[in-house]
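Student: Below is the structure I would like to discuss, written out as structure tokens.
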Amino acid sequence: MNRERVIKYAPGVGASLVIAIVAVYLGSLVPVIGGSIFALTIGMVVKMLLPKAGSMDLGLTFVSKGVLKFAIILLGTGLSITQVLVVGKYSLFIMVFTLTAAFGSGIILGKLLGVNWRMTNLISAGTGVCGGSAIATLAPIVDAEDSDIAYAMAVTFIFDVAMIFIFPIVGRAMGLSDLAFGLWTGTAVNDTSSVVATGYAFSEAAGDFATIVKLTRTTSIVPIALIFAVLAPYLNARERAGKGPIGKKSVSVGKIFPWFILLFLVSALLNTLGLIPTEIGGWLKQASKFMMAMALAAIGLKTDFARILNAGIQPMVLGFLVSLIVAVVSLSVQLLNGQV
Numbered sequence: 006m007n008r009e010r011v012i013k014y015a016p017g018v019g020a021s022l023v024i025a026i027v028a029v030y031l032g033s034l035v036p037v038i039g040g041s042i043f044a045l046t047i048g049m050v051v052k053m054l055l056p057k058a059g060s061m062d063l064g065l066t067f068v069s070k071g072v073l074k075f076a077i078i079l080l081g082t083g084l085s086i087t088q089v090l091v092v093g094k095y096s097l098f099i100m101v102f103t104l105t106a107a108f109g110s111g112i113i114l115g116k117l118l119g120v121n122w123r124m125t126n127l128i129s130a131g132t133g134v135c136g137g138s139a140i141a142t143l144a145p146i147v148d149a150e151d152s153d154i155a156y157a158m159a160v161t162f163i164f165d166v167a168m169i170f171i172f173p174i175v176g177r178a179m180g181l182s183d184l185a186f187g188l189w190t191g192t193a194v195n196d197t198s199s200v201v202a203t204g205y206a207f208s209e210a211a212g213d214f215a216t217i218v219k220l221t222r223t224t225s226i227v228p229i230a231l232i233f234a235v236l237a238p239y240l241n242a243r244e245r246a247g248k249g250p251i252g253k254k255s256v257s258v259g260k261i262f263p264w265f266i267l268l269f270l271v272s273a274l275l276n277t278l279g280l281i282p283t284e285i286g287g288w289l290k291q292a293s294k295f296m297m298a299m300a301l302a303a304i305g306l307k308t309d310f311a312r313i314l315n316a317g318i319q320p321m322v323l324g325f326l327v328s329l330i331v332a333v334v335s336l337s338v339q340l341l342n343g344q345v
């Protein structure tokens, strides 16, 4: 029986593994894009070339859901709550506004544009927190469709790349200091690699500070994940009921606090307390990135490109507007606070 299961799972797991290896290598050559985006893209291309590879379905489902959850758990080993306290005096105040702007504007604009609540919040998380990692973390919590994940990742990546070119031009035109530009970049640009590229495109000092601020901002995924772990079951139940009243038995403790989120928090706490040796922590971080690439490769292999096209341009418009709002809010708070 076990041998039969292995045979059934092998094609999907194997395909995801091969794509992840290639994607991580390409990501090391082009870090601005990163292994996760390469994995998702290659997976989607293979899916278009082999649309009826049904033998991979079981393995792909296992990787896109099971392996992704383990990647999220290991992601916690790279987060430190202490870091928030060290850089907090510069960034926490602004982060409160940017996160509120990302999710608040996302909810309002998402409804106006007719974008479903899952994709809306994936885009908001990707824009407000840490790009693809935030999207991948939130996806299993809100039971997002593969097409929603793929579209949200694409939207976040496109505007991330645009910011690498636009931010340094605007920063110099405004005469921002290294500290101000680093703070702006660290709180408004999405993915870590893009933050690094944008910061150092301005100056070495700006790049150093932007990276520290961004790593601090990444820890906000902890409260965001907890909030959605509580909200998602209610939103799902309300959706199933046609926006009607929610019964008392529709939400369980297990759904509010999924096991992988609890272990994710434990991982972050262990790292904060210094209980994870540096060498092991580095290995676990790399393992998390590789497993994330595997999961996104599987998501790409499961994604029907036609469904993304059917979603229309509205999610792209939403991503643009939320990114713009977060960038403006971050800079405005600095100006009003006398930090520029």
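Residue numbers (my numbering): 6 to 345. A virtual CB, placed ideally from N, CA and C, is assigned to each residue, including glycine. Please read these numbers as outputs of a predicted model, since none were measured by experiment.
1. So what's Leu314 in DSSP terms, helix, strand or just coil?
2. Compute the beta-carbon to beta-carbon distance between Gly39 and Gly48, rounded to the nearest angstrom, for a pair I have assumed lies under 8 Å.
3. Exposed or buried, Gln339, counting other C-beta atoms within 10 Å across all chains shown (16 or more means buried)?
4. Classify Val218 as helix, strand or coil using the three-state DSSP reduction.
5. Just the C-alpha distance for Arg222 and Thr192, rounded to the nearest angstrom, thanks.
6. Less than 7 Å between C-beta atoms, sequence neighbours within five positions excluded: which residues of the same chain meet that for Ala20?
7. Check the C-beta distance from Ala44 over to Ala298 and give it rounded, since I have them as a contact under 8 Å.
8. DSSP on Ser225, reduced to helix/strand/coil?
9. Which whole-angstrom value is the C-beta distance of Gly317 and Phe164, which I expect to be below 8 Å?
10. I believe Ala15 touches Phe295 by the beta-carbon criterion, under 8 Å. Please report the beta-carbon distance rounded to the nearest angstrom.
11. Compute the beta-carbon to beta-carbon distance between Phe214 and Leu240, rounded to the nearest angstrom, for a pair I have assumed lies under 8 Å.
12. Go ahead and label Lys254 buried or exposed: buried means 16 or more other beta carbons lie within 10 angstroms of its beta carbon, across all protein chains shown.
13. In terms of residue numbering, what span does the alpha helix (DSSP H) encompassing Thr82 cover?
14. I need the straight-line Cα distance from Asp196 to Leu63, nearest angstrom please.
15. What are the boundary residues of the alpha helix (DSSP H) that includes Pro282?
16. Going straight from the alpha carbon of Thr277 to that of Leu97, what length do you get?
Tutor: On the basis of the data shown:
1. Working through the sequence shown from its first residue, we reach residue 314 at position 309. Three-state result, Leu314: helix.
2. What you label residue 39 is simply residue 34 of the sequence shown in a count that begins at 1. What you label residue 48 is simply residue 43 of the sequence shown in a count that begins at 1. Rounded, the Cβ-Cβ distance is 14 Å, inconsistent with contact.
3. Working through the sequence shown from its first residue, we reach residue 339 at position 334. Counting Cβ neighbours within 10 Å, Gln339 comes out buried, since at least 16 surround it.
4. Here the question's residue 218 lines up with position 213 in the sequence shown. Correct three-state label for Val218: helix.
5. On the sequence shown, residue 222 is found 217 positions in, with the first residue counted as 1. On the sequence shown, residue 192 is found 187 positions in, with the first residue counted as 1. Looking at the two C-alpha atoms, the distance is approximately 7 Å.
6. Counting from 1 along the sequence shown, the entry for residue 20 is found at position 15. Result list for Ala20: Met61 and Leu306, in chain order.
7. Here residue 44 refers to the residue found at position 39 of the sequence shown. Here residue 298 refers to the residue found at position 293 of the sequence shown. Cβ atoms of Ala44 and Ala298 come within 8 Å of each other, at about 4 Å.
8. Start at 1 with the first residue of the sequence shown, and residue 225 comes out as number 220. DSSP places Ser225 in coil when its eight states are reduced to three.
9. Translated into positions along the sequence shown, residue 317 becomes position 312. Translated into positions along the sequence shown, residue 164 becomes position 159. Rounded to whole angstroms, the Cβ separation of Gly317 and Phe164 is 17 Å, and the two are not in contact under 8 Å.
10. The count along the sequence shown starts at 1 and reaches residue 15 at position 10. The count along the sequence shown starts at 1 and reaches residue 295 at position 290. That belief does not hold up - the Cβ atoms of Ala15 and Phe295 are roughly 19 Å apart, past 8 Å.
11. Start at 1 with the first residue of the sequence shown, and residue 214 comes out as number 209. Start at 1 with the first residue of the sequence shown, and residue 240 comes out as number 235. The C-beta distance from Phe214 to Leu240 rounds to 37 Å, too long to meet the 8 Å contact threshold.
12. In the sequence shown, the residue the question calls residue 254 occupies position 249. Because Lys254 carries a pLDDT of 41, less than 50, the predicted location of this residue cannot be relied on, and no value is offered for it.
13. To locate residue 82, count along the sequence shown from 1; it is residue 77. No alpha helix (DSSP H) holds Thr82; DSSP gives it neither H nor E.
14. Taking the first residue of the sequence shown as 1, we reach residue 196 at position 191. Taking the first residue of the sequence shown as 1, we reach residue 63 at position 58. One C-alpha to the other measures close to 31 Å.
15. As a working note, residue 282 is residue 277 in the sequence shown. That residue, Pro282, is in no alpha helix (DSSP H); it is neither H nor E in DSSP.
16. Start at 1 with the first residue of the sequence shown, and residue 277 comes out as number 272. Start at 1 with the first residue of the sequence shown, and residue 97 comes out as number 92. Near 18 Å, if we compare the C-alpha coordinates of Leu97 and Thr277.
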